[in-house]
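Below is one structure, written out as structure tokens, with a few remarks after it.
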Amino acid sequence: MSEDETLNMTLSSLESSKGASQAANIPGYELRGELGRGTFGVVWEAVRIQTGQRVALKLVIHEQRLHWEYFRRELALLVDLEDHPYTLTVLDADLSHSPPFIVTPLVEGGSLQNHQNAELAVCYRWIEQMAEALHYIHSKGVIHCDLKPSNIFVTNSETIRVGDLGQSRRVVDGEVSWGTIGYMAPEQCDQPLGKRATPSVLWDVYGFGATAYWLLTKKRARIFDSDQRRLAGATGAGQLASYYVDCLRNNELVPIRKLNPKVSLGIAAIIERCLELDPGRRTQSMEDVLEDFGRWRRGDRLLALRPWTPRYRLQVAMRRPAFQLSALLVLLLILSLYYAITSYRQRQFALLTQSGLHALESGRTEEAYLQWVSALGYAPQDPTTRARLSFLPVLMTFPGRAEISSVAYSGDGSLLATGAKASSTSPAASARVWDSRDGRQLLEIKHRDGIQKVAFTPTGRPLLATASWDKTGVVVDVEASRSLFQIQHGLGRESPSLTDVAFSPDSKWLASTAQDGSIRLWTVPSGLPQKLEMPKEGPDGQYLLTQPVTFNGNSKLLAGLSTPRSVRLWDTRSGRVLPFRFEETSDINDLHFHPRLPYLADACEDGTVTLWNSRDGKLVQRLLHGSRVNYLSFSHDGDFLAAGGEDGVVRVWDLRTQPWKSFDLVHQKPVRNLAFYPKEPLLAVGMGEKEELWSLSESNGAVRVWNLANRKAVSDTLPHDGPVTQLAFHPRADQLVSSCGSGLRVSSLYPGSARCWGLSLPGKGTHPPLAPGQGLQAEPVSGGGLQIKDSKGRDLCQVSHGEGIAINAWAFSQDGQTLITGSEDRTARLWRLPAGTPLGNPLPHEGAVTAVNFNATGEWVATSSTAWNSTTVRCWEVEDGTPISPPLYGAEQEVKQLDFSADGYWLIADGLSWNVQVPDSETDQQLSLDISRRLKAGFGPKGLVVPLP
């Protein structure tokens, strides 16, 4: 006997499994062949002789026990249940015949065991039909007790019929009934010795689940391959039952979908609930099973999956057509809203970006960068906008109630002092002390009139001196916030207004000048006056609106004007005047000592700069400028002397050469102020338009920084509302502070302000360049233009800037879809590949474009051009051709090769590198707050740029 045969036999038949019947003689029927062997009988295929109908004839095996009772019961049940389409119909029966027999229609499809490979949809139909048949059987008070695949028959029309009711019991019988291993419920065979089990509907529920499980997975529930040999070796029904119960208890049910993933989740859940070992957790009736089939078909929640979790409720709801339609409508609404919001955000982003560009072109720096910060709110990760914001040159703004006339850094650069003139609404003014790092105001020193000058001690404890038109000045210990002494050149109403103050390099002396031409010298910090010998020169009561005063490098000499056209020197230790004076033929505008040599330089109205020997009073050299000289300055090492004129020209003399050679730095506005960088030969030039030419909308002042070593600019023109009144480099950082008023500009945020500018000086570090991509090639063609070829040398297209115009440089984007060319026509142009069609408008430059390249994403391009002996590098946005960065300076010669670094943060040219990307770690909110803090500006309720408190 095979293992399968053993597993399919009932527990009763195991005790007597032999005695196969020979074909019996049944009157009126011709037996053709055995179809199958069951628990108590054998089924034969037979032909009804009278009609020729093929039938199934079931007869008892005489050797088996209970055959009479078995047939009597089955016949009674078949007759009682024959009205249902999924149960068998009785055609004939004779229980008095030997052997007894029952005749039913021949189901030619055989049992379910012959249909293991049926399609899934057919299996679903058979399972539901089986449930309907069992529900009908149960409604008649009958329990099948031995449901299994061999007892389910398939008709030619692919419907099923439930048969073999020999083991069935009436609900009221209370008799023992055995099932089949693999399909019996555990409680059906796991009964204490001597105790009779009451048949239960739940037995059939389990049998139904086990049969459906087998049909869908080709496996018996909870019986593994390793269990079959043990079951086959069982001796006796008791041991077999014990082994079977052990399998059920020890083996986990393998989920149907793990064995057959194509099975529906709902069908699998219905069947697996029928296979619960605990009768209390099992589906309680076939009516519930049919209810779940209906729910599954309608997409409702299944009873088999109770209790229903919120997630399951949602999943079920999503399967309903009405819900799906509603969800689709909601999704369409959400998509419409998303599209509308996205379109709105894109429009706002583009509008704010363009508004910022226009504002920057008009010199409205605050508005430009605030517009870009606002634009970033609509496209937080836009790299171009973040890069633009990273180029904000303003590090800090120090506002004033009126024009800022003077600025000064403390010796260590941690403090910045600003002095304001009197405003049109109030004659009162003040000097303010700021923390230069974060822009906090630390101290305010009030005066009754405008302040002309502020100055810090160069060394030691930070002391601040002021000179005011209210005829007084004050020296303040900033750290202690207390006044040390007051400066005054007279008593009461006769006291003149102060015009200038200056500390000596060793911080031991303070010189002050007044409107009447008087000069005073004070000891620091005591405030005791050092009496200066004042020779009688010129008429009494002469007024000097410009009264510069300066110390030499060792603090031993003080120089000042004794008349508008003459200079005198004093010994600071004794107060005596030196026995010579320096005479000019025109008014003197500025004075400065050479930092190392005994030279004193003055700047005059007649366009000359004169150097005098401070030891003997002799003329060293008279230098010509060509225009009224407003300001002059020596570099910190004394190698250069710069003089700025009314014509906008700064003439620089190289004092290292013999004779002294000069060169000019040309500007569009008159030069008002100069300042040298402490570390390198960098010169900052402050400009201011003549008052009669002031504009209501354009900037009336500007600052530009030059590298005197190569005579090239290292900064773009930095716009100011009004003329620049003073410049000062930070003593220890790459920063420059400038002061100005508002001029006549109606868009000015403050009547006056000082701004700290960061210098975009290129670094000299090395960064790995971006590797070229796509392998495209370009070859110049005669007459100007390029022939573009693919990586295999095949022609793609030609591009040209015009007949006879040479293309100097070109580069391909990493994806090979865009080309940029730079030429002698002062433009760079973008082309779409492979067609070679122009992309946007040409990118304008001031000179011939000598180098171009793309960044890694292809969203930006960098270009380099040279004009007026100045090389500039700039980044542009590919999509619309707008500039991302201001012009970047610092290259000492014409740039022939540009590269972006592999990480995208650096632009590389001739060993120099510029940072071109703000780190992503700074959030939009942090960036917005930082920009507003640096500009001291924001948008008001009406969308206008307003000052922040």
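116 is the number of the first residue of the sequence shown in my numbering; add one for each residue after it.
The beta carbon of each residue, even a glycine, is placed where N, CA and C say it ideally should be.
Every value quoted in this text rests on a predicted model; they were computed, and no experiment measured them.
Alpha carbon of residue i to alpha carbon of residue j, nearest angstrom
i	j	result
F844	Y484	24 Å
L330	D261	16 Å
E1009	G973	24 Å
E178	D209	Residue confidence is low: E178 scores 45 on pLDDT, short of 50, so the model does not pin down where it sits. No coordinate-derived value is stated.
K733	V839	34 Å
E918	P953	16 Å
L206	Q228	25 Å
E699	R1048	48 Å
P866	A490	28 Å
V786	T499	35 Å
T202	I164	25 Å
M245	V277	7 Å
V316	L448	51 Å
S400	S458	58 Å
N365	G353	18 Å
D550	G526	13 Å
V616	A799	22 Å
A921	V735	52 Å
C871	L444	56 Å
E961	S830	15 Å
L368	F339	10 Å
L945	R428	56 Å
Three-state secondary structure (DSSP) of residue i
i	result
S400	coil
K1057	coil
R413	helix
L221	coil
I385	helix
C260	coil
L891	coil
A233	coil
S1047	helix
Y746	strand
Q929	coil
K373	helix
Q1078	With the chain covering only 116 through 1064, there is no way to say anything about residue 1078.
H882	coil
A1017	coil
A494	coil
H707	strand
F339	coil
S868	strand
Counted within 10 angstroms of its Cβ, other Cβ atoms place residue i as buried (16 or more) or exposed
i	result
W423	exposed
S677	buried
L684	buried
L507	buried
D930	exposed
F666	buried
P1064	exposed
S541	exposed
I1046	buried
K1051	buried
G289	With a pLDDT of 45 at G289, under the threshold of 50, the modelled position of that residue is not reliable, and the figure given next carries that caveat. Flag for G289 reads exposed.
L1044	exposed
M433	exposed
G294	buried
W1021	buried
H473	exposed
Supposed contact pair residue j and residue i - C-beta distance, whole angstroms, cut 8 Å
i	j	result
E518	G837	7 Å
D631	P663	Between P663 and D631 the Cβ distance is about 15 Å, and since that is not below 8 Å, they are no contact.
D319	H259	5 Å
H709	T723	Between T723 and H709 the Cβ distance is about 17 Å, and since that is not below 8 Å, they are no contact.
Residue i CB to nearest heavy atom of the ligand NAP below 7 Å
i	result
W159	The ligand NAP is not part of this structure, which contains no ligands at all.
I'd like the ranges of any beta strand (DSSP E) spanning at least 3 consecutive residues and lying wholly in the segment 762-836. 764-769, 776-781, 786-791, 797-803, 816-822, 833-835
Which full runs of the beta strand (DSSP E) of 3+ residues lie inside the segment 507-582, going along the chain? Fully enclosed beta strand (DSSP E) runs of 3 or longer: 509-515, 519-524, 530-535, 544-550, 556-562, 566-571.
Note down, one range per segment and in chain order, each beta strand (DSSP E) of at least 3 residues found wholly within the segment 975-1008. 975-982, 985-992
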